[in-house]
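Novice: The UniProt record's numbering puts the first residue of the sequence shown at 1, with every later residue one more than the last.
Quick one: this structure, given as structure tokens, is what I'll be asking you about.
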Amino acid sequence: MPDSSSPILTTFGQALPKSILSQKKIFDQKASVNIPANAKWSQKGVTVAGGNGHGGATDQLNQPYGLFVDDDQTVVIADWGNHRIMQWKKGDTTNGKVVAGGNSQGYGLDQLNRPTDVLIDKETDSLIICDRDNRRVVRWSRHRGTTQGEILIDNINCRGLAMDHQRYLYVSNGGAEVRRYQWQWRDKNGTLVAGGNGNGDGLNQLSFPAYLFVDRQQNIYVSDNGNHRVMKWSKGAKEGIVVAGGQGEGNALTQLKNANGLFVDMLGTLHVADSLNHRVMRWTQGAQQGTVIVGGNGEGEGANQFAVAIGLSFDRRGNLYVADRYNHRVQRFSLKYLLDAL
Numbered sequence: 001m002p003d004s005s006s007p008i009l010t011t012f013g014q015a016l017p018k019s020i021l022s023q024k025k026i027f028d029q030k031a032s033v034n035i036p037a038n039a040k041w042s043q044k045g046v047t048v049a050g051g052n053g054h055g056g057a058t059d060q061l062n063q064p065y066g067l068f069v070d071d072d073q074t075v076v077i078a079d080w081g082n083h084r085i086m087q088w089k090k091g092d093t094t095n096g097k098v099v100a101g102g103n104s105q106g107y108g109l110d111q112l113n114r115p116t117d118v119l120i121d122k123e124t125d126s127l128i129i130c131d132r133d134n135r136r137v138v139r140w141s142r143h144r145g146t147t148q149g150e151i152l153i154d155n156i157n158c159r160g161l162a163m164d165h166q167r168y169l170y171v172s173n174g175g176a177e178v179r180r181y182q183w184q185w186r187d188k189n190g191t192l193v194a195g196g197n198g199n200g201d202g203l204n205q206l207s208f209p210a211y212l213f214v215d216r217q218q219n220i221y222v223s224d225n226g227n228h229r230v231m232k233w234s235k236g237a238k239e240g241i242v243v244a245g246g247q248g249e250g251n252a253l254t255q256l257k258n259a260n261g262l263f264v265d266m267l268g269t270l271h272v273a274d275s276l277n278h279r280v281m282r283w284t285q286g287a288q289q290g291t292v293i294v295g296g297n298g299e300g301e302g303a304n305q306f307a308v309a310i311g312l313s314f315d316r317r318g319n320l321y322v323a324d325r326y327n328h329r330v331q332r333f334s335l336k337y338l339l340d341a342l
């Protein structure tokens, strides 16, 4: 990792000062990126994983869901339809590597069943995986020779995962709630931190919560999939606030249609995969409507299109990665930051 005084270069060779990108703590779920309000991204994505049709070869994906981008731009992907976790290192232009599962669909400790999310725990150098259809959260070591995982939490209808800087693990549950776990102490029950009041659209409710983001203040952002909105729950709150969407299902700039992957930068700006609108939206704090930053050109397989955008992440240089479900690929959109705006 570069010295804190060192500039970081975008893919266009422009030097960004340290005020734009923050250093990543060892336990943070994703790089904390401070993206300027006037930032723009390339409108044509580059395929960095998959993109060779639907299949189970190491150069293919089968309906990718959640993804995680490490400091070195290694991309780890929940390869839902292949019941495995795939890893593509920067520069891997053809084949990825199976790093968990891949032993057919099943319940064994060496198997996964439609995983929907994955993150890297840097402290233990392991993958934490939402093994959805096995109703469990599992951990797989990244050390060479690992052939099976261990169960951290079971009997849970998990969909999304997040970890805060204190290494609490957050899991969205199909029971319309989010729970926080002290998983390193074998906490199996967790603490309710969002929802838990039945499936509904009240401010104290969620409907099919999907992906999560937890900031440094332990505010929890939830893609409230069934309500077509993103909710923010402050630490200890009994109800949340709507920070994106919530105006019914639709494609207006005030609306979302099946919100999924999300990311919040250091300024509190929300980025969300607006899945069935085939676009990624950006909502600044307090905004009444969002802006489309990539996609929004109809469903398709073009470099500027998605066929259901699901997972979303950024690398520490501000480049955007999107799991493009039915195109069976992950697309990277390079940050284009104008120097005259510095």
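Ideal Cβ placement from N, Cα and C applies to all residues, glycine included.
#1: What separation, rounded to the nearest whole angstrom, lies between the Cα atoms of D265 and V69?
#2: Just how far apart, CA to CA, sit G200 and V178?
#3: For the beta strand (DSSP E) containing I156, list its first residue and its last residue.
#4: Would you tell me roughly how many angstroms separate the C-alpha atoms of N304 and G226, rounded to the nearest one?
#5: Hey, would you say A39 sits closer than 8 Å to G286, going by beta carbons?
#6: By the three-class DSSP mapping on this structure, what secondary structure does Q184 have?
#7: Tell me, please, which residues DSSP counts as bridged to K235.
#8: Taking the straight line between their C-alpha atoms, what separation do you get for D117 and A78?
#9: CA-CA distance, L21 and D71?
#10: Do the region 147-167 and the region 183-191 touch if we need at least three Cβ pairs shorter than 8 Å?
#11: Select from N260, Q87, V76, G50 the residue whose C-alpha is nearest the C-alpha of N277.
#12: Kindly list the residues whose CB is nearer than 7 Å to the CB of N52, restricted to its own chain and excluding five residues on each side of it in sequence; keep chain order.
#13: Ordered along the chain, which non-local residues of its own chain (more than five positions away) have a Cβ less than 7 Å from that of N95?
#14: Ignore the nearest five residues each way along the sequence and tell me which others in K89's own chain have a CB closer than 6 Å to its CB.
#15: What does the alpha-carbon distance come out to for the pair V193 and A176?
#16: Under the three-state reduction of DSSP, which class applies to Q29: helix, strand or coil?
Specialist: So, to answer that:
#1: 15 Å
#2: 14 Å
#3: Here I156 belongs to no beta strand (DSSP E), and DSSP marks it neither H nor E.
#4: 26 Å
#5: no
#6: helix
#7: Answer by DSSP bridge pairing: none, since K235 is not bridged.
#8: 6 Å
#9: Confidence in L21 is poor, its pLDDT being 36 and thus under 50, which makes the residue's placement unreliable; the coordinate value appears in the next sentence. Cα to Cα, the separation comes out at about 12 Å.
#10: Three or more beta-carbon pairs separated by less than 8 Å link the region 147-167 to the region 183-191, which places the two stretches in contact.
#11: N260
#12: Answer for N52: D59, Q60, listed in chain order.
#13: T58, D59
#14: T74
#15: 11 Å
#16: Reliability fails at Q29, whose pLDDT of 46 lies under 50, so the model's placement of it is uncertain and no value is given.
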